[in-house]
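Participant: Encoded as structure tokens, here's the structure I'll be asking about.
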Amino acid sequence: MKDDKKTVLLHEINFWKEHKILPEHYCDYLIALYTQGDENQQPKKRKRNKNMFQWEAILSLLLVTFIVVMAVITYITAISFGMQTLFLSIFVVVLIFCWFYFRKKKSNPMLVYITAAFLLLFYTVQINAAFFENKTASLYWLLLLNCMMWIVGGLIGKKLFFTLSGFIATLLLLLVMII
Numbered sequence: 643m644k645d646d647k648k649t650v651l652l653h654e655i656n657f658w659k660e661h662k663i664l665p666e667h668y669c670d671y672l673i674a675l676y677t678q679g680d681e682n683q684q685p686k687k688r689k690r691n692k693n694m695f696q697w698e699a700i701l702s703l704l705l706v707t708f709i710v711v712m713a714v715i716t717y718i719t720a721i722s723f724g725m726q727t728l729f730l731s732i733f734v735v736v737l738i739f740c741w742f743y744f745r746k747k748k749s750n751p752m753l754v755y756i757t758a759a760f761l762l763l764f765y766t767v768q769i770n771a772a773f774f775e776n777k778t779a780s781l782y783w784l785l786l787l788n789c790m791m792w793i794v795g796g797l798i799g800k801k802l803f804f805t806l807s808g809f810i811a812t813l814l815l816l817l818v819m820i821i
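Under the working numbering, the first residue of the sequence shown is numbered 643, with each subsequent residue one higher.
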């Protein structure tokens with residue numbers, strides 16, 4: 643087989659292996675078959691660009707900052723509901739941008755998901771304050787709905803972190819409701 647065809651084929655098999663399209667042991671077998679057991683023939687992975695890593699670090703810090711800023715806006719300052727909604731909308735637009743960026747770079751967007759979950763939690767508290775006059779019962783039900791969304795999102799997206807967080811938060815919330 644010509645080297646360029648073999649290289650393309652090996653790239654495809656590595657793609658299948660990374661994205662779990664085929665089981666890993668099948669991919670390893672195919673790689674060994676096409677390289678005839680010679681690991682040196684396998685195409686080298688591209689080195690990550692240093693600039694890309696810096697952008698990922700900056701975006702990650704920005705996302706963590708959003709969680710802190712939203713907590714301050716929600717609980718410490720006396721900003722109106724409209725202004726809080728404006729800040730939240732800006733944060734959501736930036737989150738969407740970050741999600742596309744991480745997906746394009748084939749990087750793990752878990753921090754984007756976690757930030758979105760915290761923003762949803764903060765916004766749930768804002769909704770309770772604005773529409774239900776800070777009633778405890780409505781807050782519990784809204785938080786329970788939030789936990790259910792974490793569980794469903796974790797199951798659909800196969801994110802164990804969200805599934806476990808949702809179940810633990812639901813159990814703690816039910817415990818607080820009973821006591």
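Built from N, CA and C at the ideal position, the CB exists for glycine as well.
(1) Rounded to whole angstroms, what is the Cα-Cα separation between Thr766 and Asn656?
(2) Taking Phe612 as the reference, which of Glu654, Ile718 and Asp646 has the closest Cα?
(3) Does the beta-carbon of Phe708 have 16 or more other beta-carbons within 10 angstroms, so that it is buried, or is it exposed?
(4) Our contact map puts Tyr755 next to Lys801 with C-beta atoms below 8 Å; I'd like the distance itself, whole angstroms only.
(5) Alpha helix (DSSP H) containing Val768: first to last residue?
(6) Between which two residues does the alpha helix (DSSP H) holding Asp646 run?
(7) Whose C-beta lies closer than 8 Å to the C-beta of Met819 among residues of the same chain, with five residues either side of it excluded?
Facilitator: By the coordinates alone:
(1) As a first step, residue 766 must be located in the sequence shown, where it is residue number 124. As a first step, residue 656 must be located in the sequence shown, where it is residue number 14. Straight-line Cα distance between these residues: approximately 42 Å.
(2) Because residue 612 is not part of the residues shown, which for the chain are 643 to 821, the question remains open.
(3) Along the sequence shown, read from residue 1 onward, the residue named residue 708 stands at position 66. The residue is buried, with at least 16 neighbouring Cβ atoms inside 10 Å.
(4) Within the sequence shown, numbered from 1, the residue matching residue 755 stands at position 113. Within the sequence shown, numbered from 1, the residue matching residue 801 stands at position 159. Correct: roughly 7 Å between the Cβ atoms.
(5) Along the sequence shown, read from residue 1 onward, the residue named residue 768 stands at position 126. The sequence as given places Gln at residue 768; Val does not occur at that position. Taken as a continuous stretch (DSSP letters only), the alpha helix (DSSP H) holding Gln768 covers Met752 to Phe773.
(6) In the sequence shown, the residue the question calls residue 646 occupies position 4. Asp645 to Glu660 is the span of the alpha helix (DSSP H), which, as asked, contains Asp646.
(7) If you number the sequence shown from 1, residue 819 lands on position 177. For Met819, where only same-chain residues beyond five positions count, the Cβ hits under 8 Å are Tyr782.
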